[in-house]
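Visitor: Right, I'll just put the structure down here and ask away after.
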Amino acid sequence: MTQRSSPAAGLSELLETRRVILVVGVGGVGKTTTTAALGLAAARRGKRVLCLTIDPARRLAQSLGIEEMKTEAQTIDPALFEAAGVPVRGSMTVMMLDTKGTFDGLIAQLSPTPEKREQILNNVLYKYISTSLAGTQEYMAMEKLYAVKGDPSYDIVLLDTPPTPNALEFLDAPERLVGAIDSAATRWMVQAVQSSGKFSLNVLAKSAAAIVRGIGKVSGSGFLEQMAGFIGEINAVFGGWKKRADEVSAALRGPDVAYVLVTTPDPLAVREVMFFADRLREQQMRRDAFVVNRVHPSYGQLPGAGEVEEAVARSGLGLGPDAAGRLRRAAEDESRLGRMDALHLMGLEAALEDEATGGSLLAHVPAFPFDIHDLSRLAKIAEVLAPG
Ligand SMILES: Nc1ncnc2c1ncn2[C@@H]1O[C@H](COP(=O)(O)OP(=O)(O)OP(=O)(O)O)[C@@H](O)[C@H]1O
Ligand SMILES: [Mg+2]
């Protein structure tokens, strides 16, 4: 039995039933736009909304009438929504994720003593891990989400996830990051340091390559010493950290969390989103909703050349020579794109019809002939995503 709603019914149900919504998808498909539009839809329904973005999202800031995204919470002036003709009954707050700040906060929370905390925060390797290690941004996004999930000032929290080349990396981030630091090689190294009391470069040289591969490349002098220091120090917070990462992972698999999978009709994006959906199923997680963004309309029969010519003449717009021909060609192009999109989406639609993926919601958002850079345009998308 499939309980899937039609694309027209949209994702409204999620806004009523969930506390956390993660918007995932590959780069450029419209995650930020979807996050903001869902947030707006929720705020219009009376919810106090927090939208977390991972980048400065300049266009979104512009849409929301603020100068720039900040790592502090900014609540959008209700007058702006009024002025744009989209009054909200709730509120909309936006915040940009601060990867390093979140990580520093976590270390501070987990360190047994202020001295340990300072040692870790000042270690070169920590600086690298907290800013540049692959997966850190993803993990810290999850961490922040976990932290604000319990904040009573918000009814619903939406996260615009980082555009990972592979959306799965996001889901696995907590385990992967902990795994990178807890790899067999690093554990071995801690033992080596602990048993001898100091570093034996000879013994270490053998496993150094493996360690460098695991933690990423760090250049500069004193790498091994820095590494040894870091591992000794991080060990003090490691038990707590691992537990925390497990908690974060578990919380973000809970029933009050929804995943919204965004794609475009592009075959590569569709393939990626279906792969991700399979992964969610493997992990016994629900695939709550799919958004297909930038869909071209499927026209039926286009009007004949004569009809278009008559309409152009009637319009009195003075469209110039061959206006009817140009209009018709544009309509044909558009129609062709619509047919292509429908073709590319067949696999996804079939998968959604399938019993195994039943229960997912679906929305199709049209490809608008303009960028989404003001509130009224964002509201148009909000209305498609969550009508009513
Ligand atoms: N349905 C649409 N019609 C027209 N323009 C759109 C639509 N959806 C998004 N856009 C525009 O496409 C651009 C990319 O969208 P957006 O920034 O939301 O993508 P993203 O997935 O967050 O990208 P990134 O992975 O780079 O963060 C933006 O300029 C946005 O205004
Ligand atoms: Mg984005």
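Take the position in the sequence shown, starting the count at 1, then add 188; the result is the number in this note's numbering. For glycine and all other residues, C-beta sits at the position ideal for the given N, C-alpha and C.
Does the distance between the C-beta of K219 and the nearest non-hydrogen atom of ligand 2 fall short of 6 Å?
Guide: Yes; taking the cut-off as 6 Å, the Cβ of K219 has a heavy atom of ligand 2 nearer than that.
Visitor: Which class does P455 belong to by DSSP, given the choice of helix, strand or coil?
Guide: Note: P455 maps to helix in three-state DSSP.
Visitor: Closest to K304 by C-alpha separation, out of R482, V345 and E421, would be which residue?
Guide: Ranking R482, V345 and E421 by Cα distance to K304 puts E421 first.
Visitor: May I ask you to verify whether the segment 329–349 touches the segment 196–211, counting CB pairs closer than 8 Å and requiring at least 3?
Guide: With a cut-off of 8 Å, the segment 196–211 and the segment 329–349 count as touching, because enough Cβ pairs lie within range.
Visitor: Since A457 contacts V212 with CB under 8 Å, what's their CB separation in whole angstroms?
Guide: At roughly 12 Å, the Cβ-Cβ gap does not stay under 8 Å, so A457 and V212 are not in contact.
Visitor: At the level of alpha carbons, what is the spacing between L440 and E326?
Guide: Between L440 and E326, the C-alpha separation is close to 13 Å.
Visitor: Closest by CA to V436, which one among G253, A555, C239 and M328?
Guide: The option with the nearest alpha carbon to V436 is M328.
Visitor: To which residues does DSSP link I209 through a beta bridge?
Guide: According to DSSP, I209 bridges with L346 and A446.
Visitor: Count the other CB atoms, across all protein chains shown, that sit within 10 Å of the CB of S548; report buried if there are 16 or more and exposed otherwise.
Guide: When all chains shown are included, S548 counts as buried.
Visitor: Does DSSP put V406 in a helix, a strand or coil?
Guide: With a pLDDT of only 46 at V406, under 50, the local geometry of the prediction cannot be trusted, and no value is derived from it.
Visitor: What ranges does the alpha helix (DSSP H) occupy inside the segment 219–246, keeping only unbroken runs of at least 4 residues that lie completely in it?
Guide: DSSP runs (the alpha helix (DSSP H)) wholly in the segment 219–246: 219–232.
Visitor: Taking one C-beta from the segment 527–537 and one from the segment 441–448 each time, how about it: are there three or more such pairs within less than 8 Å?
Guide: As far as the Cβ criterion goes, the segment 527–537 does not touch the segment 441–448, which means the pair count is below three.
Visitor: Using the three-state DSSP reduction, which class does R527 fall into: helix, strand or coil?
Guide: In this structure, R527 counts as helix in the three-state DSSP scheme.
Visitor: In the structure shown, what three-state DSSP assignment does F556 receive?
Guide: Here F556 sits in coil by DSSP.
Visitor: In the DSSP assignment, find the unbroken beta strand (DSSP E) run with V480 in it and report its ends.
Guide: Taken as a continuous stretch (DSSP letters only), the beta strand (DSSP E) holding V480 covers A477 to V483.
Visitor: Does DSSP classify L199 as helix, strand or coil?
Guide: The answer is coil: DSSP assigns L199 none of H, G, I, E or B.
Visitor: Return the bridge partner residues of Q262 from the DSSP annotation.
Guide: Q262 pairs with V282.
Visitor: Hey, would you say the C-beta of V553 is under 6 Å away from at least one heavy atom of ligand 1?
Guide: Yes, since a heavy atom of ligand 1 falls inside the 6 Å radius drawn around the Cβ of V553.
Visitor: Beta carbon of D286: closer than 6 Å to some heavy atom of ligand 1?
Guide: D286: no, Cβ never under 6 Å from ligand 1.
Visitor: Going by DSSP, what residue range makes up the alpha helix (DSSP H) through P302?
Guide: P302 -> alpha helix (DSSP H) spans P302 to N310.
Visitor: Hey, would you say L550 sits closer than 7 Å to A225, going by beta carbons?
Guide: Cβ atoms of L550 and A225: not closer than 7 Å.
Visitor: In the DSSP assignment, what are the bridge partners of L549?
Guide: Answer is A477, bridged to L549.
Visitor: Does the separation of the CB atoms of T220 and D348 fall below 7 Å?
Guide: A contact, by the Cβ cut-off of 7 Å.
Visitor: Using alpha carbons as the reference points, say which of V480, R277, D265 and V282 lies closest to R459.
Guide: Closest option to R459, Cα to Cα, is V480.
Visitor: Quick one: what's got a C-beta closer than 8 Å to I254's C-beta in the same chain, skipping five residues either side?
Guide: Here the set comprises Q262, I264 and V282.
Visitor: How close, in whole Å, do the beta carbons of T301 and K332 come, if the pair is a contact with beta carbons under 8 Å?
Guide: Not quite, the Cβ-Cβ distance comes to about 25 Å (not below 8 Å), so this is no contact.
Visitor: Reducing DSSP to helix, strand and coil, say where S467 ends up.
Guide: The amino acid at residue 467 is misidentified as Ser; the sequence shows Arg. In this structure, R467 counts as helix in the three-state DSSP scheme.
Visitor: From R469, V500, R277 and L525, pick the residue whose C-alpha is nearest to that of R482; which is it?
Guide: The shortest C-alpha separation from R482 is found at L525.
Visitor: Would you kindly work out how many angstroms separate the C-alpha atoms of D454 and S318, rounded to a whole number?
Guide: Using only the alpha carbons, I get a separation of about 34 Å.
Visitor: Please confirm whether any heavy atom of ligand 1 lies closer than 6 Å to the CB of D559.
Guide: Correct: D559 has its Cβ closer than 6 Å to ligand 1.
Visitor: Out of Y447, V336 and S503, point me to the one whose CA is closest to R236's CA.
Guide: It is V336.
Visitor: Taking contact to mean at least 3 C-beta pairs separated by less than 8 Å, is the segment 557–565 in contact with the segment 269–284?
Guide: The segment 557–565 is in contact with the segment 269–284.
Visitor: Would you mind sorting S299 into buried or exposed? The rule is 16 or more other CB atoms within 10 Å of its CB.
Guide: Result: buried.
Visitor: Identify, in the order they occur along the chain, each residue of the same chain with its Cβ nearer than 7 Å to the Cβ of L202, setting aside the five sequence neighbours on each side.
Guide: I209, A446, D476, A477 and L549.
Visitor: Going by CA-CA distance only, name the one from E260, S279 and E306 that's closest to L268.
Guide: Among E260, S279 and E306, the Cα nearest to that of L268 belongs to S279.
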